[in-house]
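Following the UniProt record's numbering, the residues of the sequence shown are numbered contiguously, the last one being 52.
Data first, discussion second: the structure below is written as structure tokens.
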Amino acid sequence: MNERKVIEKAKWLLVEKMKMSEPEAIRYIQKRAMNLRLPQLRVAEGLIETYK
Numbered sequence: 001m002n003e004r005k006v007i008e009k010a011k012w013l014l015v016e017k018m019k020m021s022e023p024e025a026i027r028y029i030q031k032r033a034m035n036l037r038l039p040q041l042r043v044a045e046g047l048i049e050t051y052k
């Protein structure tokens with residue numbers, strides 16, 4: 001799966017599971033990546049694993 005699709009999947013999981021809006025979910029992934037000093041892809045993969 002390419003990077004964009006993984007991030008999109010994580011975004012929609014946040015929208016569904018955490019009742020975030022789409023912009024909130026995108027921002028959450030961005031901020032988490034910055035705070036943890038990880039690529040957005042790694043954050044997205046972690047979210048997908050969490051909500052499996």
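Backbone N, C-alpha and C fix where the C-beta goes; we use that ideal spot for every residue, glycine too.
Give me the Cβ distance between Glu22 and Lys9, rounded to the nearest whole Å; I'm assuming they're in contact under 8 Å. Numbered from 1 along the sequence shown, position 22 holds the residue referred to as residue 22. Numbered from 1 along the sequence shown, position 9 holds the residue referred to as residue 9. About 13 Å separates the beta carbon of Glu22 from that of Lys9, a gap too long to meet the 8 Å contact definition.
Going along the chain, which residues of its own chain have a beta-carbon closer than 7 Å to the beta-carbon of Pro39, five neighbours each way excluded? Taking the sequence shown and counting its residues from 1, the one referred to as residue 39 is at position 39. Excluding positions up to five away in sequence, the list reads Ala33.
Proximity below 8 Å, CB of Leu14 to CB of Leu47: Start at 1 with the first residue of the sequence shown, and residue 14 comes out as number 14. Start at 1 with the first residue of the sequence shown, and residue 47 comes out as number 47. In this structure, Leu14 places its C-beta atom within 8 Å of the C-beta atom of Leu47.
Beta-carbon proximity of Val6 to Ile29, cut-off 8 Å: For the purposes of this step, residue 6 is taken as residue 6 along the sequence shown, with counting starting at 1. For the purposes of this step, residue 29 is taken as residue 29 along the sequence shown, with counting starting at 1. Taking C-beta atoms as the reference points, Val6 and Ile29 fail to come closer than 8 Å.
Less than 8 Å between the C-beta atoms of Leu41 and Glu3, yes or no? The residue you call residue 41 lines up with position 41 of the sequence shown. The residue you call residue 3 lines up with position 3 of the sequence shown. Closer than 8 Å, so yes.
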